[in-house]
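Trainee: Start counting at 1 in the sequence shown, then tack on 574, and there's your number in my numbering. Think of the CB as a built atom: it goes at the ideal place given N, C-alpha and C, for glycine as much as any other residue. Next up is a structure, given as structure tokens.
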Amino acid sequence: MRRPFRLLLLFIVFVPLLVLGVAGHEFRLFERGWFNLKTWWQPAEQSMGLDRYQVLIEAQPVAGLDDDISALTYDPDRKSLFTVTNAKSELIELSLDGRILRRVPLTGFGDPEAVEYVGPNSYVITDEREQRLIRVRLDDDTLFLDASDAEQLSLGIGLNGNKGFEGLAYDSAGKRLFVAKERDPMMIYEVHGFPHDNPDKPYAVHVVQDRKRDRRLFVRDLSSLQFDERSGHLLALSDESRLVLELDVKGRPLSTLSLRKGFQGLQATVPQAEGIAMDEAGTIYLVSEPNLFYVFKQP
575 MRRPFRLLLL FIVFVPLLVL GVAGHEFRLF ERGWFNLKTW WQPAEQSMGL
625 DRYQVLIEAQ PVAGLDDDIS ALTYDPDRKS LFTVTNAKSE LIELSLDGRI
675 LRRVPLTGFG DPEAVEYVGP NSYVITDERE QRLIRVRLDD DTLFLDASDA
725 EQLSLGIGLN GNKGFEGLAY DSAGKRLFVA KERDPMMIYE VHGFPHDNPD
775 KPYAVHVVQD RKRDRRLFVR DLSSLQFDER SGHLLALSDE SRLVLELDVK
825 GRPLSTLSLR KGFQGLQATV PQAEGIAMDE AGTIYLVSEP NLFYVFKQP
């Protein structure tokens, strides 16, 4: 009886440890725990302090919108937000309190998943499946947008069906377009040379990957990105990890904003966070599928 008892005891001890180890690796629990311990012991002096943000508008439905809302960007010229839908492809302008201001149909964009403001009346939209970056111009009298009329760049890096380009962020000073690949593998590319100031002239495009930064991302996926022009820091939104992560100029994690119930004043967990944007004052705007709108501010 001793041997079966020992085997049973070994099974009882080993299996939970194995499950814990697999779960810890899959959900990046060890890296996240170490980060929380480190920031508690020695808070980052130059961080944006995402943990101090509190929700101001929570889970407000975007009236008149039932389709899949995806991505978010802030337009400093119009003082409004833009998002895209992929079920019925549209570029949608929102007010800063989440009201629809304008709807522009999209033609030929495939699976539009992200949109990013890159200059006055100028935006980049991604086609997730085909990994295309499509630059469009939107004037006050624009009635629709056709991808065939736009400047395009196809990357085709690690094509993986519906796990393609999920988020965009633009550094106007450094002329860098950050492109987030959702997962399998999860990466952030830096595209230099697109969009170009004068696409009619010859220009070179360079794609850079910071593998050291990508390894520091203790989240399960990437849903959206936001570049803070003031600090040079990058915000990475993860739906599966229910988290917004701040990265410094060297790609080191500095602070986090939790999207779970009980944190940041939230009454309920954000169900499926898909887009993040930030204005000049540091106010954070967030959208969640299918049509929920959030606003976070520091006290």
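Just list the residues that DSSP pairs P864 with in beta bridges.
Mentor: Note: P864 sits in no beta bridge, so no partner.
Trainee: Compare the C-alpha of D853 against each of P827, H807, D802 and name the closest.
Mentor: D802
Trainee: Compare the beta carbon distance of V844 and L833 with 8 Å and say whether it is the shorter of the two.
Mentor: yes
Trainee: Within 10 angstroms of its Cβ, does D813 collect 16 or more other Cβ (buried), or is it exposed?
Mentor: buried
Trainee: Check the C-beta distance from E848 over to S644 and give it rounded, since I have them as a contact under 8 Å.
Mentor: 5 Å
Trainee: Out of T659, Q634, L670, which one is the CA nearest neighbour of A855?
Mentor: L670
Trainee: Count the other C-beta atoms from every protein chain shown that fall within 10 angstroms of the C-beta of G595, then say buried if there are 16 or more, exposed otherwise.
Mentor: Because the pLDDT at G595 is just 49, under 50, the model does not fix this residue reliably, and the value given afterwards should be weighed accordingly. The residue in question, G595, is exposed, as its Cβ has fewer than 16 Cβ neighbours within 10 Å.
Trainee: Does DSSP put S722 in a helix, a strand or coil?
Mentor: DSSP places S722 in helix when its eight states are reduced to three.
Trainee: Would you grab the beta carbon distance between T647 and A851 for me? Rounded to a whole angstrom, and I think it's under 8 Å.
Mentor: 5 Å
Trainee: Could you compute how far the alpha carbon of A810 sits from the alpha carbon of D784?
Mentor: 14 Å
Trainee: Among the candidates R703, L751, G672, S728, whose CA atom is the shortest distance from the CA of Y697?
Mentor: L751
Trainee: So what does DSSP say about L639, is it helix, strand or coil?
Mentor: coil
Trainee: My parser needs the beta strand (DSSP E) runs of 3 or more residues fully inside the stretch 629–685; what are they?
Mentor: 643–649, 654–659, 664–668, 674–681
Trainee: Among the residues of its own chain, which have a CB less than 7 Å from the CB of Y627, if the five just before and after it don't count?
Mentor: Cβ neighbours of Y627 beyond the five flanking positions: L831, Q838, I858, F870, K871, Q872.
Trainee: Look up G856 in the DSSP assignment and say whether it is helix, strand or coil.
Mentor: coil
Trainee: According to DSSP, is K824 helix, strand or coil?
Mentor: coil
Trainee: Taking Cβ positions, are E704 and S728 nearer each other than 8 Å?
Mentor: Yes. Within cutoff.
Trainee: Taking the alpha carbon of S862 as the reference point, which residue from G623, D625, D640 has its own alpha carbon closest?
Mentor: D640
Trainee: Can you tell me whether R789 is buried or exposed? The criterion is at least 16 other CB atoms within 10 Å of its CB, across all chains shown.
Mentor: Flag for R789 reads exposed.
Trainee: Going straight from the alpha carbon of Q634 to that of A778, what length do you get?
Mentor: 43 Å
Trainee: Quick one: residues in its chain with C-beta nearer than 6 Å to the C-beta of D537, no 5 flanking neighbours on either side, listed in chain order?
Mentor: This structure cannot settle anything about residue 537, because the visible part of the chain is limited to 575 through 873.
Trainee: Is it the case that the Cβ atoms of V782 and E756 are separated by a distance below 8 Å?
Mentor: no
Trainee: Give every residue of the same chain whose Cβ lies closer than 6 Å to the Cβ of A688, excluding the five residues on either side of it in the sequence, and list them in chain order.
Mentor: A645, T700, G741, L742
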